[in-house]
Amino acid sequence: MSRILRLTEEEKDILKKIAASEENPIAQRAIIILKMSDGIATTKIGEEMGISAWGVGYWRKKWLEYRFAGTNLELEIRKFLESSKGGRPKKCKEPQIEKIIEISEWSREDSRSKHEHNSRVAQEARMRGLPKLSPRSIGRILENHKEELTSNI
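Now the structure itself:
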């Protein structure tokens, strides 16, 4: 049995609420912290959640190091759970992605290839003041929003 992570009732209630209502990575982090407060072993939590024991330990350590200083505990906990998204920060925010999709819709002329189309979209986006993106990055954005694009045709 691993060391129990001590939580206040208010913290538990907030984490349960987040676990039930948030997107997967944030909900998963809340569940990990709740399971640690129940005294479940790190390796067992990792097996149940499909992540490494190191990942579970990472969130335990972060929780113990974090100091909730604000008056709105729920907001502080949400910020904490959202704070450590892995990888490089996104270059484009959602409104910029919407503009890229719009540019793609407007430039649906006959292109010889996807790369040519994506190159045109990247050039036009740059001219409109959006972040400089490679044709491949444009392709990834359009691929991730394919459903949106096909529903508008």
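Take any residue in the sequence shown, count from 1 to its spot, add 476: that is its number in the numbering used here.
From the three backbone atoms N, C-alpha and C, an ideal C-beta is built for every residue, glycine too.
Values in this document were obtained by computation on a predicted structure and should not be read as measured data.
Supposed close pair residue i, residue j - CB separation, criterion 8 Å
{"i": "W535", "j": "I509", "result": "6 Å"}
{"i": "E600", "j": "I617", "result": "With a Cβ gap of about 13 Å, E600 and I617 do not count as contacting."}
{"i": "L557", "j": "R505", "result": "5 Å"}
Candidates the options: closest to residue i by CA position
{"i": "K448", "options": "L549, M603, K608, T547", "result": "Residue 448 lies beyond the range of the chain shown here (477 to 629); nothing can be said about it."}
{"i": "L481", "options": "N500, E581, I507", "result": "I507"}
Residue j beta carbon less than 9 Å from that of residue i
{"i": "S583", "j": "R602", "result": "no"}
{"i": "M512", "j": "W539", "result": "yes"}
{"i": "I490", "j": "I553", "result": "yes"}
{"i": "A598", "j": "S587", "result": "no"}
>> For the pair the region 523 to 540 and the region 582 to 594, tell me if three or more CB-CB distances fall below 8 Å.
In response: no
>> Tell me whether the region 517 to 532 and the region 481 to 500 touch, counting them as touching only if at least three CB pairs, one residue from each stretch, are closer than 8 Å.
In response: no
> Taking contact to mean at least 3 C-beta pairs separated by less than 8 Å, is the region 570 to 583 in contact with the region 610 to 625?
Replying inline: yes
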